[in-house]
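Visitor:
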DNA sequence: AATGAATGAGTATTCATTCAT
DNA sequence: AATGAATGAATACTCATTCAT
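Chains as they are written, first to last, in the working numbering: chain A, 17 to 233; chain B, 17 to 233; chain C, 17 to 233; chain D, 17 to 233.
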């Protein structure tokens, strides 16, 4: 495999730095070759296309994160703790490597062949960890069963993306642990199975009263 | 303003259709000029750049939605109902105009000057409606006060984006009303201020018992 | 039509000279643009592709020849004279413009879309003149009717191509009038309808005797 | 000679198949090396260049055909039969191996060094068989002596090329024996030495009568 | 307001050939 | 005989933007 040669490593290193700094479209094969100190054509001895370089850069960064997450999540007991771990992990990844995360979200994901790529596979493997945690929570009765676990997955990862994006672009700052706590508490409480409380019923009664008054007004 | 001339309207109409179909990068000034039936150069009598055309197309679509939302949200009583309305509105926008939403998310947002653009301003105005609702909820005591309203904003809009994206790209289907109900319930319940219930404590006690037993086993 | 602009004329002139000298593959768009004194991209305001330039160069040369041939051949009476005229015309074209003929034969014809191109249409129109002449000769009884006119067309034009090619590449020299006479005489005599002669029968009898002797040997 | 090593044979076999399928330009050294299962550079231990591989592929195919033709033509008695044999042989070659013939005609022949190559030599040796047959016919009085044998060679091989080309590209179909008969008869009759016949004179007299009447009308 | 020709920089990819090992 | 990484030149085509008319 070309993947293991020293030159491939050099190319990926240079590409990673350039992609992070200038984006995928903003980086040419010539830029990468120049940074490595080889001719343009040499890149194609190691990778079949520019996009393959991008995908490999992402994979190299993504895979260990996923392997690590897969291994650790099983060692954590308790649905809530597992959820918090996955939320915290993603927040930390975004906070520590905002450029690579931007690359994945803003450049790789909109590509038309993305959903057939290895990267999308990795992403599915990764996010399915959270789906499994939620599903287990539902089975054990810790979570309500009337909500799709995939919706929770989208809510959590979409939410984290937006929260972290603001921090990554310098428009806000976040404390990873604190945000992880807040999100976990929100989601767990939101998913908590419980009988209707007087409070909750009160809200619904108010709404009905309003509607009725409007009709009569 | 040249923006309101008949020709400008024609240009924006053609651009909107082409951008929606082929994306921003996939549409050339020549394509737009050709669709309108004018020479390439004519576009520049009405808009300073291709990107300005994009931003104007988005603004034209976005602004009425925001004005409508701003007006309506005030006519709705109850924090929960207001929240549900904003969630439902965003889900419907995504479901009915997936191409334009894709344009905003995947093409406009990654642009480097996006956050200084009018579109970002519009977006801020729009999403601040939700921030205000949450803040009001906190003031009124309906919501916990220990969580940043902006975080809720990011969570809700980021979550909706992911949920709707899957539907827009055909990988899943959603029922707008149902999802709006689910999300509203989840967030409201998650934000509900309340002392620990026996139920909730029970769960945590059980967990501790489990951990202790494991240590002793 | 861009075809009529002065710049188009300049481009075609430069392309014609360069194609004739260096061939199609041996000429780049940059070469043509450079010869005209414009930027590379300017070529594409007048022609959609490099191949379109080639086809237009050929058409410009070919069309008048064909129009002229179509008009004149009708003014000539007698099948033999018409045939000789077409043969002579083709020989002269090859002798006077060997490079352009080479371009058509060696570069345009092997192209995969050639048979769907305008050039192939022109060629068909041109060579069908000879088919019509032969067919008329057959109808009038001047030529035998037991041979396909299209085969004669292929024989004559294929033959001329080879004959003239040797001259064009400097490997031989030809006298156009003389060769035209020879070819015309050969083809007309070869197509002459006549009863079997003793000579001819003798040849065939000899062949049969040989075959029989071989079998008995 | 390295040419005869086992590896060389493998290379030529792979190259032949690939050239026939994808053409010379459409086949890369890498393709050939890959098909053989060796590294790219290995090809250059056996052949000095890609073009040399092409020429060798053609030679390997061509030489036996020529040796066979040379041997057989001497075993055939009668100028007409010899001529027919050569015509038939060439038609059959085209019909059975259209791809290799296409390779020679459309790819090898247009190459600039073709006429100095071994292939051109082979071709000359091959086509000179027909020149010799015609010349012998002239010496024996079977053919007119007032026509250059090389012209007959060009006419016959050029004609066959065009006739067979249409069939090879699927635009027509041919029956090899029938076409061989037609061509042989046409050429032999066309070359037949004979005084003007009454028939022939009759045609010419008629034409003159027509011309005179037209002038008087 | 409109034209439309011109710009000119920009770029991924291919491939025959070489050469140190 | 073989490797296979490296070369480096080569190239058609695109397109936002300008500007003389």
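Where is the CB? At the ideal position from N, CA and C, for every residue including glycine. All values derive from a computational prediction rather than experimental measurement.
#1: Confirm, please, whether the CB-CB distance from residue 52 of chain A to residue 79 of chain A is below 9 Å.
#2: Where are the alpha helix (DSSP H) runs, 4 residues long or more, that stay fully inside the segment 73 to 139 of chain A, in chain order?
#3: With DSSP as the reference, label residue 186 of chain A as helix, strand or coil.
#4: Which residues in the same chain as residue 138 of chain B place their Cβ atom closer than 7 Å to its Cβ, once the five residues preceding and following it in sequence are excluded?
#5: State the CB to CB distance for the pair residue 99 of chain B and residue 203 of chain B, rounded to an integer number of angstroms; the pair is presumed to be in contact (CB under 8 Å).
#6: Could you compute how far the alpha carbon of residue 148 of chain A sits from the alpha carbon of residue 33 of chain A?
#7: Verify the CB distance criterion: does residue 179 of chain D have a CB-CB separation below 9 Å to chain C?
#8: By how many angstroms is the C-alpha of residue 188 of chain C removed from the C-alpha of residue 197 of chain C?
#9: Are the Cβ atoms of residue 103 of chain B and residue 199 of chain B separated by less than 9 Å?
#10: Is the beta carbon of residue 206 of chain D closer than 9 Å to that of residue 285 of chain C?
#11: For residue 150 of chain A and chain B, any beta-carbon pair shorter than 9 Å?
#12: Please classify residue 64 of chain C: is it buried, with 16 or more other beta-carbons within 10 angstroms of its beta-carbon, or exposed?
#13: I'd like the ranges of any alpha helix (DSSP H) spanning at least 4 consecutive residues and lying wholly in the segment 149 to 194 of chain D.
#14: Between residue 187 of chain A and chain B, is the shortest Cβ-Cβ distance under 9 Å, so that the two count as touching?
#15: Taking a cut of 9 Å between CB atoms, which residues from the segment 120 to 148 of chain D lie near chain C?
#16: Output needed for residue 31 of chain D: all residues of its chain with C-beta closer than 6 Å, excluding positions within five of it in sequence on either side, in chain order.
#17: Identify whether residue 62 of chain D lies in helix, strand or coil by the three-state DSSP scheme.
#18: Sort B:40, B:71 and B:59 by Cα distance to residue 22 of chain B and report the nearest one.
#19: Counting C-beta neighbours from all protein chains within 10 Å, is the total for residue 95 of chain A 16 or more, i.e. buried, or is it exposed?
#20: Is the beta carbon of residue 129 of chain C less than 9 Å from the beta carbon of residue 178 of chain D?
#21: So with CB distances below 7 Å, who are the chain A contacts of residue 173 of chain B?
#22: Is any beta-carbon of chain D found at less than 9 Å from that of residue 205 of chain C?
#23: Who are the Cβ neighbours of residue 143 of chain C in its own chain at under 7 Å, not counting the five residues just before and after it?
#24: Do we get a CB-CB distance below 9 Å when we pair residue 208 of chain D with the residues of chain C?
#25: Could you check what DSSP says for residue 26 of chain B in three-state terms: helix, strand or coil?
#26: For residue 39 of chain D, which of helix, strand or coil comes out of DSSP?
#27: Given a cut-off of 9 Å, decide if residue 36 of chain B and residue 111 of chain B are closer than it, judged by their beta-carbon atoms.
#28: Measuring alpha carbon to alpha carbon, tell me which of A:57, A:50, A:55 and A:61 ends up nearest residue 24 of chain A.
#29: Got a sec, what are the start and stop residues for the alpha helix (DSSP H) residue 50 of chain C sits in?
#30: Please go through the same chain and pick out, in chain order, the residues whose beta-carbon is closer than 8 Å to the beta-carbon of residue 71 of chain C, but skip the five residues on each side of it.
#31: Sort A:164, A:116 and A:151 by Cα distance to residue 29 of chain A and report the nearest one.
#32: Mind listing which residues of the segment 102 to 119 of chain B have their C-beta closer than 7 Å to chain A's C-betas, in chain order?
#33: Between residue 57 of chain C and chain D, is the shortest Cβ-Cβ distance under 9 Å, so that the two count as touching?
#34: For residue 193 of chain A, go through chain B and note every residue whose CB falls closer than 8 Å to its CB, in chain order.
#35: Please look up how many angstroms separate the CB atoms of residue 84 of chain D and residue 101 of chain D, rounded, as I've assumed it's under 8 Å.
#36: If you draw a straight line from the alpha carbon of residue 140 of chain D to that of residue 208 of chain D, how long is it in whole angstroms?
Guide: Let me lay it out:
#1: With contacts defined as CB atoms closer than 9 Å, residue 79 of chain A and residue 52 of chain A fail to qualify as a contacting pair.
#2: Correct list: 95 to 112 and 114 to 118.
#3: In the three-state scheme derived from DSSP, where H, G and I count as helix and E and B as strand, residue 186 of chain A is classed as coil.
#4: Here the set comprises 75, 78, 79 and 82.
#5: Contact flag correct, Cβ pair sits at about 7 Å.
#6: Roughly 34 Å separates the two Cα atoms.
#7: Among the CB atoms of chain C, one or more fall inside 9 Å of the CB of residue 179 of chain D.
#8: Distance between the alpha carbons of residue 197 of chain C and residue 188 of chain C: 18 Å.
#9: By the CB criterion at 9 Å, residue 103 of chain B and residue 199 of chain B fall inside the cutoff.
#10: Outside the displayed range of chain C (17 to 233) lies residue 285 of chain C, so it cannot be described from this structure.
#11: For residue 150 of chain A, not one C-beta of chain B is nearer than 9 Å to its own C-beta.
#12: By the Cβ neighbour-count rule, residue 64 of chain C is exposed, with fewer than 16 other Cβ atoms within 10 Å of its own.
#13: If we require 4 residues or more, the alpha helix (DSSP H) runs fully inside the segment 149 to 194 of chain D come out as 165 to 184.
#14: Contact with chain B is found for residue 187 of chain A, since one of that chain's Cβ atoms lies less than 9 Å from the residue's Cβ.
#15: Answer set for the segment 120 to 148 of chain D: 121, 122, 123, 125, 126, 128 and 131.
#16: These residues qualify, in order along the chain: 48, 69 and 73.
#17: DSSP places residue 62 of chain D in coil when its eight states are reduced to three.
#18: The alpha carbon of residue 22 of chain B has as its nearest neighbour, out of B:40, B:71 and B:59, the alpha carbon of B:59.
#19: Under the 10 Å beta carbon count, residue 95 of chain A is surrounded by 16 or more other beta carbons and is classified as buried.
#20: Their beta carbons are not under 9 Å apart, which means residue 129 of chain C does not touch residue 178 of chain D by this criterion.
#21: Going along chain A in sequence order, the residues near residue 173 of chain B (Cβ under 7 Å) are 178.
#22: Contact of residue 205 of chain C with chain D is assigned, a C-beta pair being separated by under 9 Å.
#23: Same-chain partners within the cutoff: 169 and 173.
#24: For residue 208 of chain D, the answer is yes, since a Cβ of chain C falls inside 9 Å of its Cβ.
#25: Assignment of residue 26 of chain B by DSSP, reduced to helix, strand and coil, places it in the helix class.
#26: DSSP places residue 39 of chain D in coil when its eight states are reduced to three.
#27: No; because the gap between Cβ atoms is not below 9 Å, this pair is not in contact.
#28: Checking every option, the nearest Cα to that of residue 24 of chain A belongs to A:61.
#29: Under the DSSP assignment, residue 50 of chain C falls in the alpha helix (DSSP H) whose first and last residues are 45 to 52.
#30: So the qualifying residues of the chain are 124, 133, 134 and 135.
#31: Relative to residue 29 of chain A, the option among A:164, A:116 and A:151 whose CA is nearest is A:116.
#32: Contact residues of the segment 102 to 119 of chain B toward chain A are absent (C-beta to C-beta distance below 7 Å).
#33: Taking Cβ atoms only, chain D never reaches closer than 9 Å to residue 57 of chain C, which makes this a no.
#34: Listed along chain B is no residue with a C-beta nearer than 8 Å to that of residue 193 of chain A; the closest approach is about 14 Å.
#35: Contact doesn't hold; Cβ gap of about 11 Å is too wide.
#36: In this structure, the CA atom of residue 140 of chain D is about 26 Å from the CA atom of residue 208 of chain D.
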